[in-house]
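K.L.:
Sharing a structure, written as structure tokens. Questions coming.
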Amino acid sequence: SDDNNTSTRTHSVQKQLAYYELDLGLNHVSRRWSTAVHRSACILAAVPGGSDGPGGVLVAGEDWIEYVHEGISSDGDNAVSNAIIAPLPRRKLHS
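In the working numbering, the protein residues as written are 20 to 114.
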């Protein structure tokens with residue numbers, strides 16, 4: 020009998036979000052931080068930073084939107100673990 024553990028292995032895999040920064044003076048790209056995101060995450064939107072605002076990334080999933088930046092993370096490894104997550108309203112038809 021052939022033992023296939025593919026389905027159990029895929030459920031343990033984490034999706035990662037990595038944030039890179041471009042230094043135009045040195046013409047160099049460096050990885051600033053990374054964090055785990057929910058498996059249903061499928062859309063990313065950049066949030067302007069610097070003097071314009073806090074910067075970061077909006078991560079959208081099946082029924083939620085999460086704000087992630089260097090000081091806020093959904094896992095506790097790289098930053099303070101207090102992610103900002105907002106559920107998306109659903110119609111009764113799709114419940």
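Glycine included, each C-beta is placed from N, C-alpha and C at the ideal position.
Which one of Ala60, Glu40, Ser31 and Leu41 has the shortest CA to CA distance from Trp83?
P.N.:
With distances taken between Cα atoms, Trp83 lies closest to Ala60.
K.L.:
Would you kindly check if the distance between the Cβ of Ala79 and the Cβ of Ile62 is under 9 Å?
P.N.:
Result yes, Cβ atoms of Ile62 and Ala79 sit closer than 9 Å.
K.L.:
Sorted by chain position, which residues of the same chain lie with C-beta nearer than 6 Å to Arg51's C-beta, five sequence neighbours on each side aside?
P.N.:
The residues are Tyr38 and Glu40.
K.L.:
Which residues bound the beta strand (DSSP E) around Val32?
P.N.:
Note, Val32: premise wrong, no beta strand (DSSP E); not H, not E.
K.L.:
Write down the C-beta distance between Gly75 and His88 rounded to the nearest angstrom, noting that I regard them as a contact closer than 8 Å.
P.N.:
Yes, they are in contact, since the Cβ atoms of Gly75 and His88 sit about 3 Å apart, within 8 Å.
K.L.:
For Gln35, collect the residues of the same chain with a Cβ closer than 8 Å to its Cβ; drop the 5 residues on either side in sequence, then sort them by chain order.
P.N.:
So the list reads Ser53, Thr54, Ala55 and Val56, once near-sequence residues are dropped.
K.L.:
According to DSSP, is Ile104 helix, strand or coil?
P.N.:
It is a strand residue.
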